[in-house]
Amino acid sequence: MLLDAEGENEMDETGERSVHPYVLLRHRTIPGLDNFAVYKKHGGFKAFEKAVKEMKPEEVTEVVKASGLRGRGGAGFPTGVKWSFIDNKKWPHYVAANADESEPGTFKDREILEGNPYQFLEGVAICAYAIQAHEAYVYLRGEFWQIAVQLDQQIEALKEAGLLGDKLFGKDYSLRIFTHLGAGAYICGEETAMLESLEGKLGQPRLRPPFPPSFGLFGKPTVVNNVETLTNVPMIISRGAEWYRSMGTEKSPGPKIFSLSGRVVRPGNFELPLGTTFRELIYEHGGGIIDERPVKAIMAAGASSSLIVANDQALDTPMDYESVPSVGGSLGSASVIVIDDTVSIPWLINKTAHFFKHESCGKCTPCREGTFWMMHLTDRIQEGRATQEDVDLLYDVASQVKGKCLCALGEFSIEAVLSGIDRFGEDFRAAVKAPEAVMGD
Amino acid sequence: MLAEKYAQEIQSILDKYPPEERRAAVMPLLYLAQRERMYVDHKDMAEIAEILGISTTEVAGIVGFYSLYYDRPEGRYRLQVCTDLPCALRGAEKFLDELCRRLNIQPGGTTSDGLITVEGVMCLAACDKAPMFQMQSGGGLEYHENQTVETALAFIERLRSDAARRRGRERDG
Numbered sequence: 053m054l055l056d057a058e059g060e061n062e063m064d065e066t067g068e069r070s071v072h073p074y075v076l077l078r079h080r081t082i083p084g085l086d087n088f089a090v091y092k093k094h095g096g097f098k099a100f101e102k103a104v105k106e107m108k109p110e111e112v113t114e115v116v117k118a119s120g121l122r123g124r125g126g127a128g129f130p131t132g133v134k135w136s137f138i139d140n141k142k143w144p145h146y147v148a149a150n151a152d153e154s155e156p157g158t159f160k161d162r163e164i165l166e167g168n169p170y171q172f173l174e175g176v177a178i179c180a181y182a183i184q185a186h187e188a189y190v191y192l193r194g195e196f197w198q199i200a201v202q203l204d205q206q207i208e209a210l211k212e213a214g215l216l217g218d219k220l221f222g223k224d225y226s227l228r229i230f231t232h233l234g235a236g237a238y239i240c241g242e243e244t245a246m247l248e249s250l251e252g253k254l255g256q257p258r259l260r261p262p263f264p265p266s267f268g269l270f271g272k273p274t275v276v277n278n279v280e281t282l283t284n285v286p287m288i289i290s291r292g293a294e295w296y297r298s299m300g301t302e303k304s305p306g307p308k309i310f311s312l313s314g315r316v317v318r319p320g321n322f323e324l325p326l327g328t329t330f331r332e333l334i335y336e337h338g339g340g341i342i343d344e345r346p347v348k349a350i351m352a353a354g355a356s357s358s359l360i361v362a363n364d365q366a367l368d369t370p371m372d373y374e375s376v377p378s379v380g381g382s383l384g385s386a387s388v389i390v391i392d393d394t395v396s397i398p399w400l401i402n403k404t405a406h407f408f409k410h411e412s413c414g415k416c417t418p419c420r421e422g423t424f425w426m427m428h429l430t431d432r433i434q435e436g437r438a439t440q441e442d443v444d445l446l447y448d449v450a451s452q453v454k455g456k457c458l459c460a461l462g463e464f465s466i467e468a469v470l471s472g473i474d475r476f477g478e479d480f481r482a483a484v485k486a487p488e489a490v491m492g493d
Numbered sequence: 020m021l022a023e024k025y026a027q028e029i030q031s032i033l034d035k036y037p038p039e040e041r042r043a044a045v046m047p048l049l050y051l052a053q054r055e056r057m058y059v060d061h062k063d064m065a066e067i068a069e070i071l072g073i074s075t076t077e078v079a080g081i082v083g084f085y086s087l088y089y090d091r092p093e094g095r096y097r098l099q100v101c102t103d104l105p106c107a108l109r110g111a112e113k114f115l116d117e118l119c120r121r122l123n124i125q126p127g128g129t130t131s132d133g134l135i136t137v138e139g140v141m142c143l144a145a146c147d148k149a150p151m152f153q154m155q156s157g158g159g160l161e162y163h164e165n166q167t168v169e170t171a172l173a174f175i176e177r178l179r180s181d182a183a184r185r186r187g188r189e190r191d192g
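Each protein sequence line maps, in turn, to chains A and P.
For what it's worth, this note's numbering labels the leading residue of the first sequence as 53, then goes sequentially.
For what it's worth, this note's numbering labels the leading residue of the second sequence as 20, then goes sequentially.
Here it is, written out as C-alpha cells:
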C-alpha cells in the first residue's frame, strides 16, 4: 500500500491522489493507532494541548461552530451550537459521551473505539475544556465490555502521560474521564435516558425542556455527544474549520462513517464525504447486491428508517442530512441497510416491530401500547393469519402513535411500518388472506 | 457479603461518582454481584441498596429493566446470537435454529449440563460480521463474529472442557 509523506493516507498508484484521506478511521492506514505512543507520534494530543495552552474555551467552541460539524448520533444538530448552549450560571459542568451504539445496522462507533480510541478521548478532552467541565463520562452499552476494559487502560495511559489530571500543560485546568457500562437497553442511546441511566436509574427519557446543556447529568449543565462526533474534533482544532469544510457539502460538511449492512456483497464501515450517493456506497464500496439481484429498498437510518423505494432517483441521491428526506427517508446515523428482492416487507416490519416492542421503555403510553399492538399485528400478518383488515388496523395503530411519544424511539417505531404499507402494498396483499379463509382456520 | 469480599473494588467504583450521587454506582455494583453465579438474588440487591442508600425495590427495578442482569440461575454462560434485522438478512435466524437443534435445545433454553443458555437477542453492533454471538459470563462479555454452526459448537466444547477441568481442580483441591 502506498502512503503519503505523513504516512497516513493511502495514495493511488501514481502517489498523487489520496484514495482514503481518513479523518476518523485512521487506524486503517496507521497500524497500532490504539497504542498511545503511536497515536502521539502521529500528532496525538497536540490539538488538546493547543486548545488548553493557546485558546480560550469559547474560542474552541467558535472553531467547532465554524466547521459546521453536525452531531453524528442521528439528529444532526450543530455540535458547536450545542456547546454554546451550556449554562454558565450553574456549575459544575459535565461531558457525557454517548457510546451506547445500539441502532440495528450501526457499528461505526465500535470500530472507532477499537481502532482509534485516543482520537475519541482527545475529542472528549477538548469538548470538556471548551465547556470547562472537569469530569467526563463515557457511557458504553454493556455489550462493549471489552472496549470499556481497554478504554480504562487507555485513560490510565493518559494520566501517566500527564494528559489527564490536575494542572494540565501547566495551566489551571484539570480533567478526569470515567467509563460507565450500561446493561442492554437501546433506549439509553436517547440522551436524557442515558443521563438517567448514568445516575443509576431506569433508562427512561426525561420530559424536555429543559435540555441537557442547562439540566443534564446530576441536574448540572451537560454536553452529550456521540463518539463519532467527538472523534472529528481534534483534527478540526489542529487543521481548522476551513479544512473541515473542504469535505462534504455546504450544509453537511465533513466526512461520515456509513455502516453498510444487509444484502450487499461487502458489508462494513466506509468513511466517505457526506453527500456520497447511495449508488456509490452500495455498488462501488459494498460490491453490489448478493447474487447480483435487484435492490428493492434502502433503510438509511437503521431500523428507525422508513423504507426508501430503491429506484434510480433514490440510488443517485446524495447521502446528506438535506437530500435523503427528498426520497422519503432520513440520514440519521447513516446506517444503510440494503434490502433486495428476496426479502418480504411484512417479514421485515415484523422484525422491526419486535425490536421496538422489546426496547420500548414503557414510560409513555403511545409507545408502550403502540409497539405492543404493532408487534402482534405484524406477527399475525407474517404467520399468514391476517386479512386486509388487520393491515388497515396496523396502519391505524401506527398512525395514532405518530407525534404523541415522549422521545424519538416511539416516533421511529412506526417509520418502517407506515412506509412499508404505503410503498410496498403488493407485498401485503400477497401476505393476507380473504376473510373466509381465516374464518376457516 | 459483597462489602467484605470486594471492599476495595466497591470503593474504586464509588470514587467514580460525586459523593452525593452514590446511586450512580448501582449498575457496576450489580455486575460485581453477578460475577460469580451469573445472577443476583434478593440478598445481593438488599446489600447494594444499603451501600447506596436506596431501597431494595429500586435496585430490583434496575435488574428488571436492563437485559444483562438476571435474577434467577440459568446457564453459567449465555450465548446470545444477534437475530436482529441486519444479521437476519445474512442468515442469523437459520444459524440460531441450527445451533439449537445440534445442542438439542430450544432458543432460550439451557443445555442439560446447566452450563450454556442459548438465546436470540437484539442488535449487538456487529451487523457486517453476521452470524455472530456474544458470550456473557459473570466475568464479562466477549464477541464471536463471522461464525458458522461448527465454529460455535467448537467454542462450546472448549467451554465445557474448561468447566470440567475447573470442577476437577475444585474436587482435588
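From the three backbone atoms N, C-alpha and C, an ideal C-beta is built for every residue, glycine too.
By the neighbour-count definition (other C-beta atoms within 10 Å, threshold 16), T113(A) is a buried residue. Taken through DSSP and simplified to helix, strand or coil, D392(A) comes out as strand.
Here the region 258-272 of chain A does not lie against the region 93-113 of chain A, with fewer than 3 beta-carbon pairs under 8 angstroms apart. Fully enclosed alpha helix (DSSP H) runs of no fewer than 4 residues occupy 460-465 of the region 441-470 of chain A, in order along the chain.
Think of a sphere of 8 angstroms around the beta carbon of S465(A): no beta carbon from chain P falls inside it, the nearest being about 13 angstroms out.
Beta-carbon to beta-carbon, P109(A) and Y181(A) are separated by about 6 angstroms, close enough to satisfy the 8 angstroms threshold.
Identification of chain A residues near E169(P) by a Cβ-Cβ cut-off of 8 angstroms yields none; the smallest Cβ-Cβ distance measures about 22 angstroms. When CB distances to chain A are screened at a threshold of 9 angstroms, the residues of the region 130-155 of chain P falling below it are V140, M141, C142, L143, A144, A145, C146, D147, K148, A149, Q153 and Q155, in chain order. Remark: C-beta atoms of L21(P) and D63(P) approach each other more closely than 8 angstroms.
Taking 8 angstroms as the CB threshold, M46(P) lines the interface with chain A. At least 8 angstroms separates the CB of P38(P) from every CB of chain A. Taking a beta-carbon distance threshold of 8 angstroms, E161(P) counts as an interface residue toward chain A. In this structure, the alpha-carbon of E208(A) lies about 12 angstroms from that of N87(A). A direct Cα-Cα distance of roughly 36 angstroms separates P144(A) from S382(A). Using a CB distance cut-off of 8 angstroms, P126(P) does not count as an interface residue toward chain A.
In this structure, T131(A) is the residue among T131(A), G167(A) and F263(A) with its C-alpha nearest to the C-alpha of A293(A). Apart from the 5 residues on each side of it in sequence, G125(A) sits with its Cβ closer than 7 angstroms to the Cβ of N150, N278, T281 and S385 in its chain, given in chain order.
Taking a Cβ-Cβ threshold of 8 angstroms, none of the residues of chain P is close to Q205(A); the smallest such distance is about 14 angstroms. Minimum Cα-Cα distance from A349(A) among the listed residues E212(A), E174(A) and F330(A) corresponds to F330(A).
Around the CB of H232(A), 16 or more other CB atoms lie within 10 Å, so the residue is classed as buried.
Residues of chain P with a Cβ closer than 8 angstroms to the Cβ of E411(A) are, in chain order, M141. Under the criterion of beta carbons closer than 8 angstroms, L104(P) and I389(A) qualify as touching, at roughly 7 angstroms.
Distance from I360(A) to V379(A) at the Cβ level is roughly 5 angstroms; contact confirmed, criterion being Cβ atoms closer than 8 angstroms. Between S180(P) and chain A, the shortest Cβ-Cβ separation is not below 8 angstroms.
Shortest Cα-Cα distance from N168(A) to any of F221(A), R78(A) and E153(A) involves R78(A).
DSSP, read as helix, strand or coil, puts E161(P) in strand. Between G314(A) and L108(P), the C-beta gap is smaller than 8 angstroms, which places the two residues in contact. In terms of Cβ geometry, Y191(A) and L254(A) do not form a close pair [threshold 8 angstroms].
In the three-state scheme derived from DSSP, where H, G and I count as helix and E and B as strand, L192(A) is classed as strand. At a beta-carbon threshold of 7 angstroms, none of the residues of chain P lie near T274(A); the nearest stands roughly 13 angstroms away.
Contact of P319(A) with chain P by beta-carbon distance below 9 angstroms involves P105, R109, C146, D147, K148 and A149. The secondary-structure analysis by DSSP pairs C101(P) across a beta bridge with V140(P). Note on the region 59-114 of chain P: whole beta strand (DSSP E) runs with a minimum of 3 residues are 96-101, in chain order. DSSP places V168(P) inside the alpha helix (DSSP H), whose first and last residues are V168 to D191. Close CB contacts of K308(A) within its chain, under the 6 angstroms cut and outside five residues either way in sequence, are with L326 and A386 (chain order). Taken in chain order, the members of the region 192-203 of chain A whose beta-carbon sits within less than 7 angstroms of a beta-carbon on chain P are G194, E195, W197 and Q198.
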